[in-house]
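Be aware that the sequence shown starts at 623, since it is given in the numbering used here, and climbs by one per residue.
Cβ coordinates follow ideal geometry from the N, Cα and C atoms, glycine included.
Since this is a predicted model, take the numbers as computed values, not measurements.
First up is the structure itself, then whatever we jot down about it.
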Amino acid sequence: VLRCLGIPTRVITNFNSAHDKNLNLSIDKYIDISGKTLHLSEDSVWNFHVWNESWFIRRDLGSFYDGWQVLDATPQEKSKGIYQCGPASTRAIKEGDVNLDYDSPFVFAAVNADCVTWIRYSKKRKERIYSNTRKIGKFISTKAVGTNSRVDVTANYKYPEVKEISFKISYSQYKNYLMDDRKILVTAV
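Quick look at the structure:
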C-alpha cells in the first residue's frame, strides 16, 4: 500500500529475532540449581521475523531520525493498547535510543537483545550465569532492486560486534598497565 502511495518501502528479514515480551532488552532464561528450565519468562528467540521499512521524514522526532522506519504489519504485542508496531527509526535502533515512541525498545531488542541465563535460588535470589551478546540480529536482509540477490542491511540496525582478541600477558606487565593512566581492558586467560 505504501508503495502505491509513492513511499519507498522494502521487506526486511531478521534472523535470530528476539521477542522481548517484558521490554527489558534481554531474553531471559531461568534454571533451577539442578539445571532444569523454569518457565518464568515469556521471552523467546524466533528463527526469523519479517517486517517492512518505509522512508519517512520524521518531523516529530527531528531530522536525525529521518530515513528508513520499521513498520510491522504482523505485531505480536500490543502497543498503546492496540496491535501495532512502528514507525520506529532504524537510526534510533542503531543508536540505542530506546526511550522514543513507536516501539523503539521492542525493535531494538529484536535485533540486539542479550540472551541471559539465570540460576534462580529462591523467589528473592537469582544469579546471572551466562550472557550471549552476539546471538540476536543476524543477517538482517532485504532483496536487491532488480535482482533476487540478498542485501545485508545489518549495519543500518547495529554497530559491528566487538571481536575478542586473546593474548597472554604476565602479571607484572598487567600490574604496570593498571597503574598507567592509559587504561586497557584485559580478560584473563
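Exercise. Would you say alanine 766 reaches chain B, if we count a Cβ-Cβ gap shorter than 8 Å as a contact?
Worked result: Looking for chain B here will not work: only one protein chain is present.
Problem set entry | 6 Å CB neighbourhood of aspartate 688 in its chain, flanking five on each side removed | The residues are Ile679 and Arg680.
Exercise. Is the distance from the Cβ of alanine 735 to the Cβ of isoleucine 704 below 8 Å?
Worked result: Judged by their CB atoms, alanine 735 and isoleucine 704 are not nearer to each other than the 8 Å cut-off.
Exercise. To which residues of the same chain is alanine 732 closer than 8 Å at the C-beta, ignoring the five residues directly before and after it?
Worked result: Result list for alanine 732: Asn636, Ser639, Ala640, His641, Asp642, His671, Ile758 and Gly759, in chain order.
For this session: Might you give, ordered along the chain, the residues of its own chain that have their beta carbon closer than 6 Å to the beta carbon of threonine 739, omitting 5 neighbours on each side?
Result: Annotation for threonine 739: Lys651, Ile751 and Tyr752 place their beta carbon closer than 6 Å to its own, counting only its chain and skipping 5 residues before and after.
Exercise. If isoleucine 715 sits next to isoleucine 634, beta carbons under 8 Å apart, how far is it from one beta carbon to the other, in whole angstroms?
Worked result: Not really, about 11 Å apart at Cβ, beyond 8 Å.
Problem set entry | Integer Cβ distance of valine 692 from glycine 708, believed to fall under 8 Å | Contact between valine 692 and glycine 708 is confirmed by a C-beta separation of about 5 Å, below the 8 Å threshold.
Problem set entry | N- and C-terminal bounds of the alpha helix (DSSP H) containing lysine 716 | Per DSSP, the continuous alpha helix (DSSP H) segment holding lysine 716 begins and ends at 712-717.
Exercise. Can you tell which of Asp654, Cys737, Pro630 and Ile629 has the C-alpha that lies nearest to the C-alpha of arginine 668?
Worked result: Reading the sequence as shown, one finds tryptophan at residue 668 and not arginine. Closest by alpha carbon: Cys737.
Problem set entry | Exposed unless 16 or more other CB atoms sit within 10 angstroms - verdict on valine 767 | Valine 767 is exposed by the Cβ-count criterion.
Exercise. So is proline 727 buried or exposed if we call it buried at 16+ other beta carbons inside 10 Å?
Worked result: Its Cβ being crowded by 16 or more others within 10 Å, proline 727 is buried.
Exercise. What residue range is occupied by the uninterrupted alpha helix (DSSP H) comprising threonine 776?
Worked result: Run containing threonine 776: 776-779, per the alpha helix (DSSP H) assignment.
Problem set entry | Residues bridged to leucine 660 [DSSP beta-bridge criterion] | For leucine 660, the pairing in a beta bridge is given by DSSP as Tyr652.
For this session: Under 7 Å Cβ to Cβ from threonine 755, same chain only, skipping five residues before and after it: list those, please.
Result: Only residues of its own chain outside the window of five on either side were considered, and among them Asp736 have a CB closer than 7 Å to the CB of threonine 755, listed in chain order.
Problem set entry | Buried or exposed by the 16-neighbour rule on C-beta atoms within 10 Å, applied to tryptophan 690 | Result: buried.
For this session: May I have the straight-line CA-CA distance separating leucine 647 from lysine 746, to the nearest angstrom?
Result: Between leucine 647 and lysine 746, the alpha-carbon positions lie close to 21 Å from each other.
For this session: Output the distance between the C-alpha atoms of valine 775 and glutamate 664, rounded to the nearest integer angstrom.
Result: Approximately 28 Å between the Cα atoms of the pair.
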